[in-house]
Each structure stands twice: as C-alpha cells, then as structure tokens.
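Let me begin by presenting the structure, written as structure tokens, before commenting on it.
Chains as they are written, first to last, in this note's numbering: chain Y, 436 to 807; chain C, 86 to 512.
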C-alpha cells in the first residue's frame, strides 16, 4: 500500500476504490465520527470549489493523509447526489475532471497517464514519443464543441489521430467528467438512505446559498435590467438608424426585435424606450417601432448570430470593436459587457471598502499622524 | 386521359402496366432472391408497393423476419417497387414505435446521388439537364474520391468492412460495417461528415475557414539586440504527404497553382490572379515572372514565404479554393442518421428496373450500370411510349417516338414503364 500516497490523486482508479473500501471506515462512521471531520470538511470543500474556480490539489504526505483525502471523495459525491441538482452535479464532475487534468500535467511518473487513460477507457496507444487513438474512440470522447478538437483539423492518418501528453490528459478529463456526471445523475434518481441524508444535512444546508449564488452568476437566461449602454455595436447601429429616421430592412428589424425580446424587453418597454430618446420624433419611425415592438412571434426565436448578421448585411463591419472579434453572437457581447461591468463594480466597491477600512484603522489609532 | 377516371383511379392501360411490372418484379425475385443482410433478424424491413390508385404509393415498414424464406416469398408474391432494410440493428426490429425497437448500432452510410452534385445542380440551374449517363459517370468520380481519399485513406478502413453498391437509380452507396463504428451516435457521425466535407471551423465572425489550424509560424532568426530584438518568423504549412486535411490542403494548393497558373494560358492565369483581393496587375506580373516548377515544389514542401505576393496568393487559394477542390461529397443527413432505411443490395429499383448491384473497389472502376445492372431480358414486349426517348441497356440502343406502339426488349420496357413514360400491351 506504499502506493496509496501517489494514488490519492487518482480516486477513480479501481485499485484505489478497492483500497478505500478495505482500509476506510463504513459510511456511518465516515459521516458521523469526529475522527473523520477532516474528510468531511475536504468533501465540502471539493463541492464548494466546484461552484467557484475548482479546488486545490490534495496535501498528501503519508498513507494516513492519503486515506483521508480519498475519503473526502465519497463525501463530496454524496453531497452532490443529495442536492438532487443536476447543474451542481455537472459542475462538480467538471471540477474533479479539471483537477485530474491538472494533476496529470504535473505528475512526472511515466505510468500515470496511460494508467489513468486505461482506467477511464480512453483507448490510446504509444506512438514514439507521443500517442495515437483510433478515430472511432476519439469521436466518443473528444470535446468536438471546441474547434481545435474537431476531427477535420486533426492529423488523421489511416484511422489514427496523433496526440501529445497534454491532449491525452485532456481526453482523460472529458472521460472522467462524463463518467462522474453519469454515475451521480443515476445515483440521484434513487432514494438515498435517511442516515446519509441526516448526517449530511448541515453540510448541505451550508451549501444552499452558495449554490444559489453561483447559479445566478452562471445563469444564461437572465440578463437583469436592460443596459442600453452595453448593447453591441450592431444593435446600437440599428437604433441609430431608426433615430435618424432611416428605413431599417426586415433582417435588421428581426435582429433587433429578437435581441430585445430575449434580454427581456416587451413591446411596451420598447415603445417607452424610444420615447425617452431626446430629439426623437417617434412619429417619423412609428411604423417601424410598432413593427418591432409588435413582433411578438419573435419572442420564441433566438436572435441571430454574427455570421447571419454579416451574411445579411446587418452587422456594421466598420463599427466592430475589440470585443466583437472575440464573440460570435450579439448576446454574448452583451452578456460579456454585463459581466465586465459587474466585475468592475465589484472591484470598485472592494477598493472603496478597503479605503474606508484603512481610514477607520487610522482613525482608531490614537495619535496617528495625519489626524488632521 | 380525361373524365372521371383521372379522379377516381388510374387509367386501365396504366393499371395493366403496373400489374405487369409487379409480375415482372415478382418473377425476378422468385428466380433471384436477394441475399439477406448480415444479422437480418435484427433489421427492420420496408417496402414501397405498386400503387393501384393515384397519389403516393403504399409504404409498408416495421417488418421483421425470423427466416429468409418468408421474406423471399413476400418479394415473389408482391414484387415490390422498392425494398429497404434498416442500417440499424435493433433488439426488436418489428416494433411500430422507434423507441420500442431498442437500437443496438448501425452501419455508417455514405450516399452519393446525382441530385446532390454541384455540377448537376449548376447544369439544372442553366436549364440544361445533364444526360443520366453523364451524371452517373460524374457521381462515380466523386464516389471513388470518397472511397480512396477518405474511407480507405484518412479513415484507414479495411475493404472488407466497406460494402459498395450501385443504388439502382442515380448513385452509389457505401455501407461501413467496421465493428468499431457501429455504435457511433449521430453527433460522432456528424463529425465524420464534417471531416469528409472539409468543414474547417471558420474564423470568428466570418465564413472563411480559419487557416491558423494549418499554418504554423516558425522562428527562423532574431533581428536586433537587447530590447530591440525581434524574432523573425516564417509560415509553414504541412508538406503534401502529411496526413489528414493538412496534407490535403497543400496538395490542393499545389494542384490549383499548377492548373490555374503554371500550365494555364498566361492571360487566363493573369486574369485569375488579379481577380483575387489585393492582387493588382503589377503583383500578378511579378508572380508570373518567376513562378516555376521549383517554386511549386517548395510550396509542396510547405514553404509559403517566398515573397509577399506568393504568400498572399497561397492564402487566398487556401481560404477560398483548396477545400471545395478536395472535399468529399456525401448526402449529409444520411451519413449522420443512425436509423435509416436503405435499398437492399440485390433488389430492384422501382424507378428504373435496374438492380442494386454489390461491387468491390476493383469492379467499381469498370462498372457500367446500363450494362451491368440490367435485370431483365431482351425478349420483345409490346410497348406504347409517352414521349420521344432513347436508351441503351445491355448493349441495345432503342429509340421510341411518342404514341407509336412498337416491340421493345423487356428491359427497355421496364425502364420506361417504371418511370411512367409509357405503357405495355397493344391499345
């Protein structure tokens, strides 16, 4: 079992699962005994990390700490399952998977990568200094939603795709993420023992607000109050054309109407919105505004993306800014601007708070210099 | 053809002709029962039957057969217009609801049809319908590229795992039965389609393929010293013999430069070059002046950087021409589909009377559908043509004129009758 120290980083390996079963306590002890408060805390930490930027690697020095680290995994899994929240399960699976990719990137032991790949069913074989995977296996595991992983850009040689260590690690991450998610979703569909539920209730409760907060941050559907100043150039340009009394063609009206509807403006809000523009004669563009505001049917449409906007001449190519070149959809632009704005606001608040505290400490210190 | 007969049913001559076709097809199946597909008890079968009234013909599906005899008896009895089987294997292929069938896997299908060829579409748009022989010849060219470059090339499939057939109509099918691929879902099959058709991800916010996936910058020297030092880079693409699209793009680039510039009429080459954005008369002249075999060879080795104009021309060709030039064709939804019915090899195509012929890569080259897929005899049949036409089947060219009854070979009569351009029997 000298290996347990090394293996603590790879809790999904079958031999590790066996070792934990053999050496570890039973579930009631793990969840109840004060001896195992550490693993329970670390388990909670794993899930909390998953809600933010991931969790730190294990601090393993000996067999004992290795076992405690490994015991935190079932705790985290039980927490994710008990939450019954598929979104949380996916976040947790993702965090564990990213942690694995990171670990594989640091592990200098030559056998670690092929061992992980084998255990996860990533069917790579050695090819000189690198690796190969058959395209049928590649297609099953590669994250093809990312352009760099599309088969068409791979050096596909008589059925085999060449990979380097980092790419194999990435495939392991995909495989582990999917495995954990599938296992936990299946588990969450089954009734959980009341003992587990009771024992973990306090931890789960402490997670509640954090889940809600993280969810809000990641939620794609809700844009909050309409922030016109953060609109992408294309939508602003359409507004300008209408303010100038120009005729906006159908494609432009559709783009605008579906954009506004998606970010939560209804017909009334759009009309109000135009009334607030100074020096704007609504009569001049009344027909168009009514048309846009009245295009209720568009509410069920997703607004068109940049490619469509360009194809149909709605994108004001010369007015694009740096952010435009990083996104593919006007909504992504708007969402990104909102996020930057929130972050900037948060930074500003934090700075203000810091300054205030600094001032308070200074004031609290009697006789400090500058107490003018 | 007027009066109530049109509304209420088919004219007697048409009905008699349909009856005759049904009989001929039935007799064919009785004499030559098609071989069963592998694991046929796991397959769904479907049939288009001959119509007995106007409108769409009856379509029978969700049939499953535990033994070949029942299937063959059905074919001989009904002589169906078309016979299909599922590319998918199911635990319960006879269930009426797709969800109840329990999918186990599916062949990967490539279907190339004359309808989908860019050149056939272009000809159609110009109002000049391409003759069927020419269409089939072109489809075969594309099909061979699909097989050689992609299925046997990039994908490295074994010939024994790729069943090739002539569809009996206007195209060819390839059924891939490599066990490693049977379980692929629609998303994975979509990736295969995207590979074959060269769908390289576009640069953000554009429709042009992102060449960064294939062009790499190599540091070649350092210019200047200290904080003024600049790394000089050069652009490389993969050499011609590199695997996948990387090598294919280089081959395509070289081939394009060879045909459009090196071996083209100089005036045409100049016109082609100046049609590119950023290439004026002067640049084109400079390019043509010292473009030779040696340069082309260097480009083939992957060196793009041979002056600004060369680089610009190469970029243009790579972005605009190289992919369409080398891409494979396939009916995309068919390849991506995991639950499709496809014509059974050895069965007859109801719109031509030609047989769905199983081929190999070798026999494909010399295959002539109008000679090798003819299923019927040259025995004489009384025939009344509806239009002027001419067809050559099994080496016999027969010309007919609208309305002029005559004796034609059985194969020819089936050809015309099945496409509703004539009837059998004296009138």
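Where a beta carbon is used, it is the ideal one built from N, C-alpha and C, also for glycine. In this text, all values refer to a predicted model and were calculated from it rather than measured experimentally.
Could you name the residues of chain Y that residue i contacts, counting a contact when the two beta carbons are closer than 7 Å?
i, result
"residue 298/C", "588"
"residue 239/C", "591"
"residue 265/C", "569 and 571"
"residue 283/C", "587"
"residue 403/C", "None at all; the shortest Cβ gap to chain Y is about 13 Å."
"residue 478/C", "Result: empty, since nearest Cβ-Cβ is about 40 Å, beyond 7 Å."
Buried or exposed: where does residue i fall if 16 or more other Cβ atoms within 10 Å of its Cβ makes it buried?
i, result
"residue 307/C", "exposed"
"residue 334/C", "buried"
"residue 212/C", "exposed"
"residue 187/C", "exposed"
"residue 164/C", "buried"
"residue 734/Y", "Here residue 734/Y scores only 47 on pLDDT, less than 50, and its place in the model is too uncertain to base an answer on."
"residue 746/Y", "exposed"
"residue 552/Y", "buried"
"residue 139/C", "exposed"
"residue 181/C", "exposed"
"residue 305/C", "exposed"
"residue 484/Y", "buried"
"residue 344/C", "exposed"
"residue 162/C", "exposed"
"residue 420/C", "buried"
"residue 112/C", "exposed"
"residue 155/C", "exposed"
"residue 178/C", "buried"
"residue 130/C", "buried"
"residue 106/C", "buried"
"residue 316/C", "exposed"
"residue 521/Y", "exposed"
"residue 504/Y", "buried"
Could you tell me which residues DSSP puts in a beta bridge with residue i?
i, result
"residue 469/C", "508/C"
"residue 494/C", "465/C"
"residue 260/C", "194/C and 248/C"
"residue 130/C", "148/C and 170/C"
"residue 595/Y", "569/Y and 592/Y"
"residue 474/C", "485/C"
"residue 304/C", "318/C"
"residue 443/C", "250/C"
"residue 559/Y", "568/Y"
"residue 459/C", "439/C"
"residue 433/C", "440/C"
"residue 287/C", "294/C"
By the criterion of Cβ-Cβ separation under 9 Å, what are the contact partners of residue i in chain Y?
i, result
"residue 330/C", "587, 588, 589, 590 and 591"
"residue 292/C", "742, 745 and 746"
"residue 277/C", "570, 574 and 586"
Can we count residue i as close to the ligand HEM, meaning its CB is less than 6 Å from some heavy atom?
i, result
"residue 174/C", "By its list of ligands, the structure shown contains no ligand whatsoever, and the ligand HEM lies outside what it can speak to."
Using a Cβ cut-off of 9 Å, pull out every chain C residue sitting near residue i, in sequence order please.
i, result
"residue 579/Y", "272, 273, 275, 276 and 279"
Which chain C residues are close to residue i, counting only those with a beta carbon under 8 Å from its beta carbon?
i, result
"residue 582/Y", "286, 295 and 298"
"residue 489/Y", "Within chain C, no residue comes near residue 489/Y; the closest Cβ sits about 27 Å away, beyond 8 Å."
Closer than 8 Å by beta-carbon distance: list the chain Y residues that pair up with residue i, in chain order.
i, result
"residue 269/C", "571, 574 and 575"
For residue i and chain A, any beta-carbon pair shorter than 7 Å?
i, result
"residue 113/C", "Absent from the structure is chain A; the protein chains it does hold are Y and C."
**Request:** Within the region 363–428 of chain C, note down every full alpha helix (DSSP H) run reaching 4 residues or more, in order along the chain.
**Result:** 366–374, 378–385, 393–405, 407–411 and 417–421
**Contact list for the region 749–772 of chain Y against chain C, Cβ threshold 9 Å** = 750, 755, 759, 760, 761, 762 and 763
**Asked** Which whole runs of the alpha helix (DSSP H) in the region 176–257 of chain C are 4 residues long or more, in chain order?
**Response** 183–186, 203–210 and 217–230
**Asked** In chain order, what residues of the region 778–793 of chain Y put their CB closer than 7 Å to some CB of chain C?
**Response** none
**Asked** Can you list, in chain order, the residues of the region 551–569 of chain Y whose Cβ is nearer than 9 Å to any Cβ on chain C?
**Response** Answer set for the region 551–569 of chain Y: 569.
**Request:** Could you please tell me which residues of the region 311–339 of chain C, in chain order, have their CB closer than 9 Å to any CB of chain Y?
**Result:** 323, 327, 328, 329, 330, 331 and 332
**Request:** Taking a Cβ distance cut-off of 9 Å, strictly less, list which residues of the region 593–606 of chain Y are near chain C, in chain order.
**Result:** 593, 594, 595, 596 and 597
**Item:** 4 or more residues per run - each alpha helix (DSSP H) lying fully within the region 667–707 of chain Y
**Value:** 668–678 and 685–697
**Request:** Note down, one range per segment and in chain order, each alpha helix (DSSP H) of at least 4 residues found wholly within the region 597–625 of chain Y.
**Result:** 600–623
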